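Enquirer: Take a look at this one; I'll ask things after.
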Amino acid sequence: MITKEQMIDYLQCDISSFGFQDLYDLVISKNNCINCGACLSICPRIGIKNNKPTLIDYDPECSLCFKYCPRTFFPKKLFEKEIFNEQTQKDFLLGHYQEIIAAKSTSNNILRKAQNGGVVTTLLIQALNTGLIDGVLMTNKDENWYPKPFIARTPEEVISAAGSIYAMLPTLSIYKKAVYKYKIKNLAFVGLPCQIQAVRKFQLWPPLSNKYGKFKLIIGLFCSSNYSYDSMINLVHDLIGVSMMEIKKFDVSHGKFIAYLNDGTIKEVSIKDTSKYHFSSCKFCKDYTSEFADISVGSVGTLNDNWNSVIVRSNAGQQLFNDALTTRKIFVSNKIDLLKIKNASKKKKLQITQTNNNIYSALKFLGISKSQIDTYITLLSLGEADLNMMCEIMKQRPEIIYNILKTLKQRKWISITDQVYSPINPSHVIKREINNFRNDFKKHINTIKSEALECLKTIFVQNNLMNLENVDFDYIIF
Ligand code: SF4
Ligand code: SF4
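Per the numbering used here: the sequence shown ends with 658, consecutive numbering throughout.
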């Protein structure tokens, strides 16, 4: 359990007095907002301007927007304990899981409309029909492919919103409408890994979890990156050469971004060519498989695009999946390429932020080597890593990296728990180094005064007094 003190220490501040400006400084202005809508849902004083959360009224600094934003902090270990039982296996690249399997809907009606194997749609309908949930927060789109948060309360509405949209939108902003207007008591949520983190915070993080935690089922999608609606329009125009109105369906498969057009044409471009259109915060995202969902669903790792890969994680997820299987709503198959999913996850976890040379020249006074700085920055980019991963990324032998990590640990730039290294907040690190520097400098001043200066003064007095007739004695300090 993370204590309040640890949290304050981690964030270096007491979050109880935080307001929107702090959220802006730490998340929005750093291009790290994922447009989940959590802050919009919690606070009527926050609206959207230029596609970004914006303060539109007086801020009483209650700190709730800051507390519930998934990008300010995410109490990972605490939530892992709450969501997963001891029997779940844990894999660094895949997160917690009880079962990983390929699956496909048995309904042709669903398969016609849904993305790939239609597992998400089938599970949602099963959950609605069995009374596990009575509504779903998900996304839908209009005929211009304009995405919008959507509340589905019937199987027909779920089917109408089937298929991936590939655009970020604030789905959580309609939470209150679902709970207070539509009186939904048990909600499901379908979304991206980053959104799932916001939903878990609503569900599990006090004090608002009573009011905002009506989620009974959380289905996460695999995600390597995403787009804003505006950048999607540009991508489709620039790379596919059509308008959004001509699009029937998008897919990302085998390294390709694929557009299925209404006239039956299929156009594809390399996913690499789409990177300049990616949503800014995707660069800092490490979660490929929605590690905090009850069930995660994607297409990578399947035999062909008509199946889904399914990672069953929590008991709630396992129960629903078994239920769908025993009532023959889905088929399953063991033909799943786990390595492909792991590689996709690894690629995302190992995204490194590039730095500039100013960092090296500014830090050289601390007597720290370039390789130590590189190792620390690599760990800052990864968030956490074991020795093997560090060696792989730094392209160095284990003994070299081990020694660097050991020095950084002694110098309190990094910490280690269960063989996993994590970076210490740079504000702490630099503050400590400056204090050390100051203390060392003070020690040196005392030594200089007591030893060198005394000796120099004596030599000066012994050898120079006779020459001082014309000198202003005020400047001579004995
Ligand atoms: S990530 Fe979500 S909660 Fe955080 S600032 Fe963006 S929209 Fe608000
Ligand atoms: S890459 Fe990460 S931040 Fe971007 S949409 Fe996917 S889950 Fe969200």
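Cβ atoms here follow ideal geometry from the backbone N, Cα and C, with glycine treated the same way. Computed from a prediction, not measured in an experiment: that's the story for all the values here.
#1: Give the single residue among Ser287, Leu372, Leu291 whose Cα lies nearest to the Cα of Thr319.
#2: According to the Cβ coordinates, are Ala380 and Phe459 closer than 8 Å?
#3: Using three-state DSSP, classify Met348 as helix, strand or coil.
#4: So Ala341 is in the beta strand (DSSP E); what residue range does that whole segment cover?
#5: Please tell me whether Pro329 and Ala347 are closer than 8 Å, where the distance is taken between their beta carbons.
#6: Kindly indicate which three-state DSSP category Glu613 falls into: helix, strand or coil?
#7: Alpha carbon to alpha carbon, how far is Ser197 from Leu244? Give it in angstroms, no decimals.
#8: Suppose only complete runs of 3+ residues qualify. What are the beta strand (DSSP E) ranges in the region 362 to 398, listed by chain order?
#9: Would you list, in sequence order, the uninterrupted alpha helix (DSSP H) runs of no fewer than 4 residues that lie entirely inside the region 486 to 522?
#10: Does DSSP classify Val359 as helix, strand or coil?
#11: So Lys293 is in the alpha helix (DSSP H); what residue range does that whole segment cover?
#12: Do Asn442 and Glu426 have their C-beta atoms within less than 8 Å of each other?
#13: Out of Arg292, Asn366, Asn288, point me to the one whose CA is closest to Leu317's CA.
#14: Is Gly217 close to ligand 1? I mean its beta-carbon at under 7 Å from any heavy atom of the ligand.
#15: Considering Cα atoms alone, identify which of Asn538, Pro335, Asn583 is closest to Leu567.
#16: Quick one: what does DSSP say Gln599 is sitting in, helix, strand or coil?
#17: In whole angstroms, what separates the C-alpha of Tyr204 from that of Arg493?
#18: Measure the CB-CB distance between Ala524 and Leu303 and report whether it falls below 8 Å.
#19: Whole-angstrom Cβ separation of Ser513 and Ile491, contact assumed at under 8 Å?
#20: For the alpha helix (DSSP H) containing Gln201, list its first residue and its last residue.
#21: Does any heavy atom of ligand 1 sit closer than 7 Å to the C-beta of Arg251?
#22: Distance check for Tyr457 and Tyr407, CA to CA, integer angstroms please.
#23: Using only the heavy atoms of ligand 4, determine whether one of them is closer than 7 Å to the beta carbon of Phe254.
#24: Starting from the C-beta of Trp325, find all residues in its chain whose C-beta is less than 7 Å away, skip the five residues before and the five after it, and write them out in chain order.
#25: Determine the DSSP secondary structure at Lys261, reduced to helix, strand or coil.
#26: Spatial neighbours of His434 within its chain, please: CB distance less than 6 Å, with the 5 preceding and 5 following residues excluded, ordered by chain position.
#27: Quick one: what's Ala283 bridged to in DSSP?
#28: Pick helix, strand or coil for Asn538, following the three-state DSSP scheme.
#29: Taking a contact to mean a Cβ-Cβ separation below 8 Å, would you say Phe402 touches Tyr468 in this structure?
#30: Is the beta carbon of Arg612 less than 8 Å from the beta carbon of Lys592?
#31: Over the uninterrupted alpha helix (DSSP H) stretch that includes Ser221, give me the two end residues.
#32: Taking contact to mean at least 3 C-beta pairs separated by less than 8 Å, is the region 571 to 591 in contact with the region 624 to 644?
#33: In the DSSP output, what is Glu659 paired with across the bridge?
#34: CB Val480 to CB Ile399, shorter than 8 Å?
#35: Measuring straight from C-alpha to C-alpha, what distance separates Asn484 and Ala496?
#36: Quick check: does the Cβ of Ile236 come within less than 7 Å of any heavy atom belonging to ligand 1?
Expert: By the coordinates alone:
#1: Leu372
#2: A small correction: the amino acid at residue 380 is Arg; Ala does not occupy that position in the sequence shown. No, the pair does not count as a contact, with Cβ atoms beyond the cut-off.
#3: coil
#4: Ala341 -> no beta strand (DSSP E), and no H or E assigned at all.
#5: no
#6: Judged by DSSP in its simplified three-state form, Glu613 adopts helix.
#7: 10 Å
#8: Within the region 362 to 398, the complete beta strand (DSSP E) runs of at least 3 residues are 367 to 371.
#9: Counting only runs of at least 4 residues, the region 486 to 522 fully encloses the following alpha helix (DSSP H) elements, listed from N- to C-terminal order: 495 to 506.
#10: If DSSP states are grouped into helix, strand and coil, Val359 belongs with the helices.
#11: 288 to 293
#12: yes
#13: Asn366
#14: yes
#15: For Leu567, the closest alpha carbon among the candidates Asn538, Pro335, Asn583 is that of Asn583.
#16: coil
#17: If you draw a straight line from the Cα of Tyr204 to the Cα of Arg493, it is about 33 Å long.
#18: Against a cut-off of 8 Å, the Cβ pair of Leu303 and Ala524 comes out as no contact.
#19: The Cβ separation is near 15 Å, so there is no contact.
#20: 200 to 203
#21: yes
#22: 6 Å
#23: For ligand 4, the structure offers nothing, since it holds only ligand 1 and ligand 2.
#24: Met424, Ile427
#25: helix
#26: none
#27: Asn488, Val512
#28: In this structure, DSSP gives Asn538 a helical state, which the three-state scheme calls helix.
#29: yes
#30: Taking 8 Å as the Cβ cut-off, Arg612 and Lys592 qualify as a contacting pair.
#31: For Ser221, the enclosing alpha helix (DSSP H) has its first and last residue at 218 to 222.
#32: no
#33: The structure shown does not extend to residue 659, since the chain is modelled only from 181 through 658, so no value can be given for it.
#34: no
#35: 28 Å
#36: Not so, every heavy atom of ligand 1 lies at least 7 Å from the Cβ.
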